[in-house]
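Below is one structure; the comments refer to it alone.
Number of protein chains: 2
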Amino acid sequence: MRISELSARTGVPVATIKYYLREGLLPGGERTAPTQSTYEDRHVRRLQVIRALIASGVSIAEVRKVLDALDDPPASPHDLLGAAHAAVTPTAEGDIDTTAAESLVERLGWQPGLCDDSLVAGIARALNTISQADFEIPDAVMSAYLESSRRIAQAEIANVPTDSPEAAVRYVVLGSVLIEPLLLALRRVAEQVASAERFGPGAPPTN
Amino acid sequence: MRISELSARTGVPVATIKYYLREGLLPGGERTAPTQSTYEDRHVRRLQVIRALIASGVSIAEVRKVLDALDDPPASPHDLLGAAHAAVTPTAEGDIDTTAAESLVERLGWQPGLCDDSLVAGIARALNTISQADFEIPDAVMSAYLESSRRIAQAEIANVPTDSPEAAVRYVVLGSVLIEPLLLALRRVAEQVASAERFGPGAPPTN
Chain A
676 MRISELSART GVPVATIKYY LREGLLPGGE RTAPTQSTYE DRHVRRLQVI RALIASGVSI
736 AEVRKVLDAL DDPPASPHDL LGAAHAAVTP TAEGDIDTTA AESLVERLGW QPGLCDDSLV
796 AGIARALNTI SQADFEIPDA VMSAYLESSR RIAQAEIANV PTDSPEAAVR YVVLGSVLIE
856 PLLLALRRVA EQVASAERFG PGAPPTN
Chain B
676 MRISELSART GVPVATIKYY LREGLLPGGE RTAPTQSTYE DRHVRRLQVI RALIASGVSI
736 AEVRKVLDAL DDPPASPHDL LGAAHAAVTP TAEGDIDTTA AESLVERLGW QPGLCDDSLV
796 AGIARALNTI SQADFEIPDA VMSAYLESSR RIAQAEIANV PTDSPEAAVR YVVLGSVLIE
856 PLLLALRRVA EQVASAERFG PGAPPTN
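Protein chains in written order, with my numbering: chain A, 676 to 882; chain B, 676 to 882.
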């Protein structure tokens, strides 16, 4: 197909496609004339992935790392998940106290060597931001966070397709990144529902 | 205290504090000389909130809306949660099909009028991004997302302090925004743990 059809099929403007080509995110098509190339279905699939990652707030540099993991997958799905997480986890700036983060990670079932230091640092940064705002998470709420994280991860990993490496790669890399906005949006709605039940009209008085 | 001590106590550079003062995010101190003002503990608390929101990726314009909700809280915690969510939920661009989002929202316990259209649109946008990447969420995984969202929200709302309106306001507004990076970081670690259990060394063979 020509670049105009590639644009029509993916909804990505031609100028943007040309930008991805120049940046090397999208492999070039087969050249059919000095100023014309032809593209395949694999270009459509790749563009869908790029657009989805960008729409999720992933930077061009991070998209490149995720695409590298897709193109040259590590041997096992576990290593692949590590590569996908590394691509979208910002590297730590400066030292950060990880004591509290490590104790949470242990409650998630972690054992030494099971997960990257950068992920523990990610939890430490999040906790740091929360405590800088002088915000305390009640114990019962933290338990709900930990149990829910475990429940979600177990369902996700139990459903990784193992019939083809390509399917496993897509599922792990995209699932890790694309699902985040959905989870945050679901939590907001669930909060409104729970809040209406507790504080809304018809709810029992609170004081 | 002088602006230098305010900076030392919050870790926010003096130049940044002056920027927040100019932008009206931070109320001015009491002027003690033509070029000198004195600041109180309430300035420290406000700066902690601003810094935490900015660190969570909230824009200056959104920070302003959250601070407005803190300064002039709606009558009930439920309305306040709505204001906080509205401040941090991007407004929809163009029409979007909300059919699939509405059916998820119903499974969360939603009834007409219980939550804002913008939240349903947020779920619809997230689903849209996922389907643009040709990614399908298995039913068992989606059920885990919905049940976990409900469990998290119920624990959070059950723990809203009702002893003082100010405490409720802080808890609802900050909890809604600040917790998001923590939840995402916990999910990543839980995924690595579950993945090591399924695919790592010592795990049963998958094929």
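Note that the Cβ used here is the ideal one computed from N, Cα and C, for glycine as well.
Hey, out of the options, whose CA is closest to residue i's CA?
i, options, result
"Gln711 (chain A)", "A:Tyr695, A:Met676 and A:Val719", "A:Met676"
"Ile827 (chain B)", "A:Ile812, A:Lys693, A:Asn834 and A:Val689", "A:Ile812"
"Leu802 (chain B)", "B:Lys740, B:Ala776, B:Thr685 and B:Ile832", "B:Ala776"
"Gln867 (chain A)", "B:Glu705, B:Asp791, B:Arg845 and B:Leu745", "B:Asp791"
"Asp716 (chain B)", "B:Ala708, B:Ala730, B:Leu701 and B:Thr707", "B:Leu701"
"His718 (chain B)", "B:Gly732, B:Glu680 and B:Ala796", "B:Glu680"
"Glu737 (chain A)", "A:Ala871, A:Phe874 and A:Val848", "A:Val848"
"Val724 (chain B)", "B:Asp770, B:Gln786, B:Val795 and B:Ile692", "B:Ile692"
"Glu872 (chain B)", "A:Ala871, A:Ala843, A:Glu872 and A:Gln829", "A:Gln829"
"Arg684 (chain A)", "A:Glu698, A:Ala708, A:Leu696 and A:Arg726", "A:Arg726"
"Gly875 (chain B)", "A:Ser778, A:Ser870 and A:Ser751", "A:Ser751"
"Val795 (chain B)", "B:Ala815, B:Ala869 and B:Asp770", "B:Asp770"
"Thr707 (chain B)", "B:Asp814, B:Ala869, B:Ile678 and B:Glu822", "B:Ile678"
"Ala869 (chain B)", "A:Tyr694, A:Leu783 and A:Val816", "A:Leu783"
Using the C-alpha atoms, what's the distance from residue j back to residue i?
i, j, result
"Glu781 (chain A)", "Tyr714 (chain A)", "48 Å"
"Gly757 (chain A)", "Arg800 (chain A)", "19 Å"
"Asn882 (chain A)", "Tyr820 (chain A)", "Because Asn882 (chain A) sits at a pLDDT of 47, beneath the cut-off of 50, its placement in the model cannot be relied upon, and the following sentence gives the value as read from the coordinates. The straight-line gap from Cα to Cα measures roughly 28 Å."
"Thr837 (chain A)", "Tyr846 (chain A)", "10 Å"
"Asn834 (chain A)", "Gly850 (chain A)", "11 Å"
"Ser734 (chain A)", "Val741 (chain A)", "11 Å"
"Glu831 (chain B)", "Thr804 (chain A)", "18 Å"
"Ile729 (chain B)", "Gln807 (chain A)", "12 Å"
"Arg721 (chain B)", "Gln786 (chain B)", "36 Å"
"His760 (chain B)", "Arg825 (chain B)", "17 Å"
"Ala690 (chain B)", "Pro709 (chain B)", "18 Å"
"Arg739 (chain B)", "Leu755 (chain B)", "15 Å"
"Ile798 (chain B)", "Ser818 (chain B)", "15 Å"
"Gly732 (chain A)", "Asp747 (chain A)", "23 Å"
"Leu858 (chain B)", "Gly703 (chain A)", "39 Å"
"Ser793 (chain B)", "Ala842 (chain A)", "34 Å"
"Ala696 (chain B)", "Pro688 (chain B)", "The question names Ala, but residue 696 (chain B) in the sequence shown is Leu. If you take the alpha carbons of Leu696 (chain B) and Pro688 (chain B), they lie about 13 Å apart."
"Asp743 (chain A)", "Leu779 (chain A)", "31 Å"
"Asp814 (chain A)", "Thr774 (chain B)", "37 Å"
"Leu745 (chain B)", "Asp772 (chain A)", "30 Å"
"Phe810 (chain B)", "Glu698 (chain B)", "42 Å"
"Glu822 (chain A)", "Val816 (chain B)", "15 Å"
"Gly686 (chain B)", "Ser682 (chain A)", "48 Å"
"Tyr694 (chain A)", "His753 (chain B)", "45 Å"
Could you check where the alpha helix (DSSP H) with residue i kicks off and where it finishes?
i, result
"Gln807 (chain B)", "Asp792 to Gln807"
"Gln711 (chain B)", "Looking at the DSSP string, Gln711 (chain B) is not in any alpha helix (DSSP H); the run it does join, the beta strand (DSSP E), is Gln711 to Thr713."
"Thr774 (chain A)", "Thr774 to Arg782"
"Glu822 (chain A)", "Asp814 to Ala833"
"Leu701 (chain B)", "From DSSP, Leu701 (chain B) is part of no alpha helix (DSSP H); its letter is neither H nor E."
"Thr685 (chain A)", "Ile678 to Thr685"
"Asp746 (chain A)", "Ile735 to Asp746"
"Ile729 (chain B)", "Asp716 to Ala730"
Looking at the secondary structure, which residues open and close the beta strand (DSSP E) in which residue i lies?
i, result
"Arg706 (chain B)", "Glu705 to Ala708"
> Can you find at least 3 beta carbon pairs, one from the segment 858-871 of chain A and one from the segment 854-868 of chain B, that sit closer than 8 Å?
Replying inline: Yes, since at least three Cβ pairs between the segment 858-871 of chain A and the segment 854-868 of chain B fall closer than 8 Å, the two stretches touch.
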